[in-house]
Amino acid sequence: MKLLIFDMDGVLVDPTYSYRVTTIETIAHFSGRRITQEKIVIMKNRGGYNDDCVLAFDVLRELGIEVDYEQLCLQFHKLFWGTAEDGFISQESWLVADGVLERLETINRLAIYTGRPTRAARFALSRFAADVRFDPVITSDLIENQKPAPDGLLRVLEGAPGCEATYIGDNIDDARCARAAGVSFVGVAARNLYQRDEIVQLFQAEGAQVVVESVNELESAL
0 MKLLIFDMDG VLVDPTYSYR VTTIETIAHF SGRRITQEKI VIMKNRGGYN DDCVLAFDVL
60 RELGIEVDYE QLCLQFHKLF WGTAEDGFIS QESWLVADGV LERLETINRL AIYTGRPTRA
120 ARFALSRFAA DVRFDPVITS DLIENQKPAP DGLLRVLEGA PGCEATYIGD NIDDARCARA
180 AGVSFVGVAA RNLYQRDEIV QLFQAEGAQV VVESVNELES AL
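Per numbering that gives the first Met the number 0, residue 0 is the first one in the sequence shown, and the count goes up by one each step.
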C-alpha cells in the first residue's frame, strides 16, 4: 500500500487569509508597516521559514526593529486565534475538491506532517475533513527538529513499515525534508503563485517526482 503524507498549508488549506495575513498584521503591529504577500513567498523560498513567527521576527530585523520574540509570538497567536477562534484562522479555506481525499483513501493510506501545531491542525481538519482518516497526524509541537530536518516524516514512517511513501508539500523546506527522509516528493505550486517558475525549479532541483498546480491533480499525477 502507498502512503501519502500531506503537508497542510498550501496543500490542503489555503493560508492566504489566515497565517499570511496574521504574519502581515503582526509585523505591522510592531513596525507600522505592512509587507506584501509576495514578500512572504520570497522569504519562504529561501528556506527555514516553516514557522511564521520566525519569519515575522526576521522581517522586523530587516526593517531595523528589534522585538522580544515571545511578545511577538503572543501577538501573532492573539491575531490568529482571536478571542473565541474567531481570529484570522476563521478566514482560511479548504483547497481539496469534494471526493478527492475519499477516493485516494480507498487505495492509499493517508497521513499528515505539518508545520502547524496540534491545535491549529485539529481545528482545520475537524472543520473541513472530519470524515477523512489521516493516520498519523504529526504536528510541529510533536517534533524537536523542524523542517527541513526529516524527523517529522521519519516519525510518520515508523508507524507504516513497508509502505511506499510520498510527501506532498508546497515549499522548499518540504522538498528538502522529503529528500532527507528518503521519500518521494510531489510539489504543489498553484498556477497564480508569485514566482511560480522559481519554486518549480527549486522543487525539481530537489528531485521532485512531479509538480502539480493543485492537490486535486494527485489522482492523475501519481
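Ideal Cβ placement from N, Cα and C applies to all residues, glycine included.
Please read all numbers here as calculations on a predicted model, not as lab measurements.
Original post:
Are at least three pairs of beta-carbons, each pair with one atom in the region 44–59 and one in the region 68–79, less than 8 Å apart?
Top reply: yes
Subject >> Sub-8 Å separation of valine 211 and valine 182 beta-carbons >> reply: Here residue 211 corresponds to residue number 212 of the sequence shown, with the count starting at 1. Here residue 182 corresponds to residue number 183 of the sequence shown, with the count starting at 1. Their beta carbons are not under 8 Å apart, which means valine 211 does not touch valine 182 by this criterion.
Original post:
Looking at aspartate 8 and proline 14, is the spacing between their C-beta atoms short of 8 Å?
Top reply: Reading the sequence shown from its first residue, position 15 is the one you call residue 14. Reading the sequence shown from its first residue, position 9 is the one you call residue 8. Cβ distance < 8 Å, so proline 14 and aspartate 8 count as in contact.
Subject >> Stretch-stretch touch, CB-based, cutoff 8 Å, three pairs: the region 172–182 with the region 147–155 >> reply: yes
Subject >> Beta-carbon proximity list for valine 131, same chain, < 6 Å, skipping 5 on both sides >> reply: To locate residue 131, count along the sequence shown from 1; it is residue 132. Once the five neighbours on either side are set aside, the close Cβ partners of valine 131 are Leu100.
Subject >> Selected residue, minimal CA-CA separation from asparagine 215, among Arg195, Thr22, Ala96 and Cys162 >> reply: On the sequence shown, position 216 is the one that residue 215 refers to. Nearest of Arg195, Thr22, Ala96 and Cys162 to asparagine 215, Cα basis: Ala96.
Original post:
Quick one: Cα of isoleucine 4 to Cα of leucine 59, how far?
Top reply: As a first step, residue 4 is located in the sequence shown; it is residue number 5 there, counting from the start. As a first step, residue 59 is located in the sequence shown; it is residue number 60 there, counting from the start. So the alpha carbons of these two residues sit roughly 33 Å apart.
Original post:
Do methionine 7 and the ligand COA come close, with the Cβ less than 7 Å from some heavy atom?
Top reply: With respect to the ligand COA, the structure offers nothing, as it holds no ligand at all.
Original post:
Leaving out five residues before and five after valine 199 in sequence, what residues of the same chain have Cβ atoms less than 6 Å from its Cβ?
Top reply: Counted from its first residue, the sequence shown places residue 199 at position 200. Once the five neighbours on either side are set aside, the close Cβ partners of valine 199 are Ala188 and Val210.
Subject >> Member of Phe133, Asp169, Ile167 and Arg121 whose CA lies at the smallest distance from the CA of glycine 158 >> reply: Counting from one through the sequence shown, the residue named residue 158 turns up at place 159. Considering only alpha carbons, the answer is Phe133.
**OP:** Pull up the distance between the alpha-carbon of glutamate 218 and that of threonine 105, whole angstroms please.
**Re:** Your numbering for residue 218 matches position 219 in the sequence shown. Your numbering for residue 105 matches position 106 in the sequence shown. Cα to Cα, the separation comes out at about 12 Å.
Original post:
Going straight from the alpha carbon of glutamine 203 to that of arginine 33, what length do you get?
Top reply: To locate residue 203, count along the sequence shown from 1; it is residue 204. To locate residue 33, count along the sequence shown from 1; it is residue 34. So the two alpha carbons sit approximately 32 Å from each other.
**OP:** Give me the Cα-Cα distance between leucine 141 and alanine 120, rounded to the nearest whole angstrom.
**Re:** Position 142 of the sequence shown, counting from 1, holds the residue named residue 141. Position 121 of the sequence shown, counting from 1, holds the residue named residue 120. Roughly 12 Å separates the two Cα atoms.
**OP:** Would you mind sorting isoleucine 23 into buried or exposed? The rule is 16 or more other CB atoms within 10 Å of its CB.
**Re:** Here the question's residue 23 lines up with position 24 in the sequence shown. Buried is the call here.
Subject >> Through-space distance from tryptophan 80 to tyrosine 48, alpha-carbon basis >> reply: As a working note, residue 48 is residue 49 in the sequence shown. As a working note, residue 80 is residue 81 in the sequence shown. Using only the alpha carbons, I get a separation of about 20 Å.
Original post:
Cα-Cα, which of Phe29, Phe75, Ser89 and Cys72 is closest to glutamate 61?
Top reply: Counting from one through the sequence shown, the residue named residue 61 turns up at place 62. Glutamate 61 has its Cα closest to that of Phe29, out of Phe29, Phe75, Ser89 and Cys72.
Subject >> Boundaries (first-last residue) of the alpha helix (DSSP H) holding tyrosine 68 >> reply: For the purposes of this step, residue 68 is taken as residue 69 along the sequence shown, with counting starting at 1. Looking at the DSSP string, the run of the alpha helix (DSSP H) that includes tyrosine 68 is 68–80.
**OP:** Within 10 angstroms of the Cβ of alanine 207, are there 16 or more other Cβ atoms? Answer buried if so, exposed if not.
**Re:** Position 208 of the sequence shown, counting from 1, holds the residue named residue 207. Label assigned to alanine 207: buried.
Subject >> Sheet register partners of lysine 43 (DSSP bridge) >> reply: Mapped onto the sequence shown, residue 43 falls at position 44. In DSSP, lysine 43 forms no bridge with anything.
Subject >> Helix, strand or coil at threonine 138 [DSSP, three-state] >> reply: Locating residue 138 in the sequence shown gives position 139, counting from the first residue. Note: threonine 138 maps to coil in three-state DSSP.
Subject >> For aspartate 85 and glycine 63, the rounded distance between their alpha carbons >> reply: On the sequence shown, residue 63 is found 64 positions in, with the first residue counted as 1. On the sequence shown, residue 85 is found 86 positions in, with the first residue counted as 1. Going from the Cα of glycine 63 to the Cα of aspartate 85 covers about 32 Å.
Original post:
When you compare only the Cα positions, how much space is there between threonine 25 and isoleucine 41?
Top reply: Here residue 25 is taken as the residue at index 26 of the sequence shown, counted from 1. Here residue 41 is taken as the residue at index 42 of the sequence shown, counted from 1. The alpha-carbon atoms of threonine 25 and isoleucine 41 are separated by roughly 18 Å.
**OP:** Please classify arginine 108: does DSSP put it in a helix, a strand, or coil?
**Re:** The residue labelled residue 108 in the question sits at position 109 within the sequence shown. Residue state, collapsed to three classes: strand.
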